Amino acid sequence: MTRPQIDRPPARSPVAVLALLLFALSLGSCTGGDSHERHIGVDVPGPGPVDSDPSPIDKAQALYSLSTEMADQGFVVTTGTGLGLIRLDPPGGVYAPGTVVTVAATPSILSTFDGWRGDLSGSANPTTIVMDGDKQIAAAFSRPPIAEDKVTLDYLIDGPGGGSITLDPPGGIYDHGTTVTITARASDGSVFSHWGGGNVDNPLYGTEQSKTLNLIDSAIYIVAHFDAPESTASFAAHGNTSEHQRPLPWMGAEVFVRFDQLDAYMAFNAPGINTMLMPHQSDDKLIAQWNGMVETHDHDISEQGFETTMDGGNHWSRIWVESQNDARIVVRYRSAPVDPSGRLAHTGYGQVAPYGPGDHVDEWFTIYPDGSYTREVKVWSPVAAEAVPYTDDRIEVFFFETQEFLLNSIGMEGERYASDDIHTDALTLVKMDGTHQVFGYDPYPVTEFEWEDLRSAFEPFEHANIVIINTKSPLRPYTIGREHPTDNWVSVYPNEASPDPPHHVFNEWPVEDIQGEGYIGGGLGHLVVTGDSGSWFRQEGDSVSKIYLSGFVHHTTDAGNAAHVNGVARSWLTPARLTETSSTPAEVYGYDMAQKAYLVDYTGVADSTVVTLDLSASNTSPMVNPAILINNWGSAPPNVIIDGETLTPGEDYRFGYYPTLDVKDDRDWHDVLIVWIQKSSTSPVSIQIAEAR
Numbered sequence: 005m006t007r008p009q010i011d012r013p014p015a016r017s018p019v020a021v022l023a024l025l026l027f028a029l030s031l032g033s034c035t036g037g038d039s040h041e042r043h044i045g046v047d048v049p050g051p052g053p054v055d056s057d058p059s060p061i062d063k064a065q066a067l068y069s070l071s072t073e074m075a076d077q078g079f080v081v082t083t084g085t086g087l088g089l090i091r092l093d094p095p096g097g098v099y100a101p102g103t104v105v106t107v108a109a110t111p112s113i114l115s116t117f118d119g120w121r122g123d124l125s126g127s128a129n130p131t132t133i134v135m136d137g138d139k140q141i142a143a144a145f146s147r148p149p150i151a152e153d154k155v156t157l158d159y160l161i162d163g164p165g166g167g168s169i170t171l172d173p174p175g176g177i178y179d180h181g182t183t184v185t186i187t188a189r190a191s192d193g194s195v196f197s198h199w200g201g202g203n204v205d206n207p208l209y210g211t212e213q214s215k216t217l218n219l220i221d222s223a224i225y226i227v228a229h230f231d232a233p234e235s236t237a238s239f240a241a242h243g244n245t246s247e248h249q250r251p252l253p254w255m256g257a258e259v260f261v262r263f264d265q266l267d268a269y270m271a272f273n274a275p276g277i278n279t280m281l282m283p284h285q286s287d288d289k290l291i292a293q294w295n296g297m298v299e300t301h302d303h304d305i306s307e308q309g310f311e312t313t314m315d316g317g318n319h320w321s322r323i324w325v326e327s328q329n330d331a332r333i334v335v336r337y338r339s340a341p342v343d344p345s346g347r348l349a350h351t352g353y354g355q356v357a358p359y360g361p362g363d364h365v366d367e368w369f370t371i372y373p374d375g376s377y378t379r380e381v382k383v384w385s386p387v388a389a390e391a392v393p394y395t396d397d398r399i400e401v402f403f404f405e406t407q408e409f410l411l412n413s414i415g416m417e418g419e420r421y422a423s424d425d426i427h428t429d430a431l432t433l434v435k436m437d438g439t440h441q442v443f444g445y446d447p448y449p450v451t452e453f454e455w456e457d458l459r460s461a462f463e464p465f466e467h468a469n470i471v472i473i474n475t476k477s478p479l480r481p482y483t484i485g486r487e488h489p490t491d492n493w494v495s496v497y498p499n500e501a502s503p504d505p506p507h508h509v510f511n512e513w514p515v516e517d518i519q520g521e522g523y524i525g526g527g528l529g530h531l532v533v534t535g536d537s538g539s540w541f542r543q544e545g546d547s548v549s550k551i552y553l554s555g556f557v558h559h560t561t562d563a564g565n566a567a568h569v570n571g572v573a574r575s576w577l578t579p580a581r582l583t584e585t586s587s588t589p590a591e592v593y594g595y596d597m598a599q600k601a602y603l604v605d606y607t608g609v610a611d612s613t614v615v616t617l618d619l620s621a622s623n624t625s626p627m628v629n630p631a632i633l634i635n636n637w638g639s640a641p642p643n644v645i646i647d648g649e650t651l652t653p654g655e656d657y658r659f660g661y662y663p664t665l666d667v668k669d670d671r672d673w674h675d676v677l678i679v680w681i682q683k684s685s686t687s688p689v690s691i692q693i694a695e696a697r
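Plus 4 on top of the position in the sequence shown (first one is 1) and you've got this note's numbering.
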């Protein structure tokens, strides 16, 4: 059968359709100070007026959203606050009209479920709701009064598997300073997957079954996730799949990603900084790098920055798994930069984002089995057209990719210093010409926090676009920024030196020593976007975007690490050209940096046809584990041949399918195949892809 020739108009992306639909349907209930979602029982600052003239909606594409949250959720979980989760069956949070959804509330061990608010009432649990429109529901939880001189360690159990938690000493209510060991035990047929939760000081994540916590003075909660055995041995994302679920305050591991090819993880915490987790080389601790944030400035409101990480109560923050298959995972993060008072920037200039007035953020993390991932950051702002990165203009948007490197013993297990988890020669900076240099914190690069000193501290590598962090791990995280013809595209600079090594071997967040908290953060280097408006990845009338590529390098030597990551950077920034050479109707669209993939269309290609694609790999443009997205493929498994060698699925390549896909290229993507190939080359390569027989 020959694939039909399809002449479709450009499709509105599913995300855009859904956002417009939710916005339009919310207008009837929104007034001056409300957002497009009702936050039930929560007193939060309103973002300003809502645009009353949304774009038309195709009614045939209408879906209804079910938004969920904990009633009366505030900035933090306190000793006197009830706590619980809401789970949906079927999951997802977006449904066809008439769908009956089962809704269940799970209280924490110290809490009681009191009933439903919003579009559900009563206290039946579980209960059902019929999706005949957009719905917002909240679950109310409470717990008995707890003395002011006590601190709570509360917990919840979540996930498709089953299990139990024990506390030693038991109880959940303790004197300040008590040390408590919490242990997860899986039921038959289940396995313990990972921890989540936390508090304002400590997002919590990790995979060890027992965790010892020193309770200082802040209430903390833990979520233990249990799953099926096979899911924890595969490349998979665990956690929330609904963009309409509000995370609990300071929620660690709202989404947790496992890799089967390397001993590493990713934890997506709300409010969001993606965390790359890697094993320590000599003990059982995990080292964590907090990687990425968004900050904007509105000097009409405040001289302080507006940061996505300040939304501790997750009024705006949502994290969810958008899609996953054997070849890749896409995790989404939606948020808004706020100041310490919870205010949004630029609300007085109107609304351009689907989510309300002022500045809002959409992020896409596109993750592959080798641990590499792109982070595309889109900042919606009514002053986007005037935006330039990292200046004193009205909007100031800069993405700190290696800022606040978090050195973490995962669970507040006694004191741990930066020097426990990072080498003295802490950073390797790499240029696109292949040169590199290692920079250390002892002696510290600067002694005065003066801008010119900082800018010159890493000369001649202050504009290197590749940073490798030299952790005491077999894996070392890296981040690659886009290179620019001018020398002000990327700046790498140190922070002010701390006066009290070794406890603060370089400038850290939080600044204070916190006895027993077990983690410190250090910002020896920032990878900061600078330059003029031409340095954005994309700049549209109502938004600006940036993009980065990050991952892990298996440590060999500093020179070997630099050479490997430089090759990865070349394969992404100067990708080899892919051409169709078999005279079939297949069409190559080119390379997409955000997808980290080549784009091909098989419209009109007969099912049995072998399509040959030549990739002009070279030293300048190497092939490193490429991905190919094939439009109009269908659902048949692929057979992949490289230079005459038939590859083994699962070992040499992985594949998956998308019924539809938003590539953000104004094309209509349907019946899409993705193929991820685990091969590298600096010589031209012939790739043949056809339906497996």
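Ideal Cβ positions, reconstructed from N, Cα and C, are used throughout, including at glycine. All of these numbers come straight from a predicted model, not from anything done at the bench.
Collapsing the DSSP output to three states places residue 353 in a helix.
If you draw a straight line from the Cα of residue 207 to the Cα of residue 273, it comes to about 7 Å. Sequence-distant partners of residue 135 (beyond 5 residues in either direction) whose C-beta falls short of 7 Å from its own C-beta, in its chain, are 68, 70, 99, 101, 102, 103, 105. Per DSSP, the beta-bridge partners of residue 558 are 479. Taking the Cα positions, residue 376 is about 32 Å away from residue 362.
Annotation for residue 692: the continuous beta strand (DSSP E) segment containing it runs 689-695. Shown here, residue 80 sits in coil according to DSSP, grouped into three states, outside any helix or strand. Shown here, residue 667 sits in coil according to DSSP, grouped into three states, outside any helix or strand. Rounded to whole angstroms, residue 303 and residue 204 show a C-alpha spacing of 27 Å. Counting along the chain, the unbroken beta strand (DSSP E) around residue 70 starts and ends at 68-74.
Judged by their CB atoms, residue 92 and residue 110 are not nearer to each other than the 8 Å cut-off. Looking only at 690, 287, 634, the smallest Cα-Cα distance to residue 667 is reached by 634.
Contact check for residue 75 against residue 188 fails: the beta carbons are separated by 8 Å or more.
Spatial neighbours of residue 380 in its own chain (CB-CB distance under 6 Å, excluding positions within 5 residues in sequence) are listed in chain order as 368, 551, 598.
When C-beta atoms of the region 301-317 are compared with those of the region 345-358, three or more pairs fall below 8 Å, so the two segments count as touching. In this chain, the beta strand (DSSP E) harbouring residue 198 covers 195-202.
Sixteen is the threshold: when 16 or more other Cβ atoms of the shown chains lie within 10 Å of the Cβ of residue 77, as they do, the residue is buried. For residue 290, the closest C-alpha among the options 296, 297, 282 is that of 282. Residue 542 is classed as exposed because its beta carbon has fewer than 16 other beta carbons within 10 Å across all chains shown. Looking at the backbone, the Cα of residue 335 and that of residue 660 are separated by about 16 Å. The continuous beta strand (DSSP E) containing residue 116 extends over residues 116-122. In this structure, DSSP gives residue 436 a state outside helix and strand, which the three-state scheme calls coil.
Judged by their CB atoms, residue 619 and residue 580 are nearer to each other than the 8 Å cut-off. If you look at residue 466, you'll find it isn't in any beta strand (DSSP E); DSSP assigns it neither H nor E. Between residue 486 and residue 474, the C-beta spacing is not below 8 Å. Annotation: residue 541 is outside any beta strand (DSSP E) and is labelled neither H nor E by DSSP. Sequence-distant Cβ neighbours of residue 249 in its own chain, meaning closer than 8 Å and more than five residues away, are 71, 72, 73, 90, 97, 322, 324. Here residue 389 has 545 as same chain residues with Cβ atoms under 7 Å from its own Cβ, once five neighbours each way along the sequence are excluded.
Around residue 625, the same chain offers 574, 575, 578, 579, 580, 581 as residues with beta carbons nearer than 8 Å, after the five sequence neighbours per side are excluded. Taking one beta carbon from each stretch, the region 598-607 and the region 645-660 have fewer than 3 pairs nearer than 8 Å; the two do not touch. Cα atoms of residue 292 and residue 279: separation of roughly 6 Å, rounded to the nearest angstrom. The beta carbons of residue 209 and residue 263 sit no closer together than 8 Å.
The Cβ atoms of residue 570 and residue 434 lie closer than 8 Å to each other. Around the beta carbon of residue 623, fewer than 16 other beta carbons lie within 10 angstroms, which makes this residue exposed. For residue 229, the pairing in a beta bridge is given by DSSP as 162, 198.
Around the C-beta of residue 170, fewer than 16 other C-beta atoms lie within 10 Å, and the residue is accordingly described as exposed.
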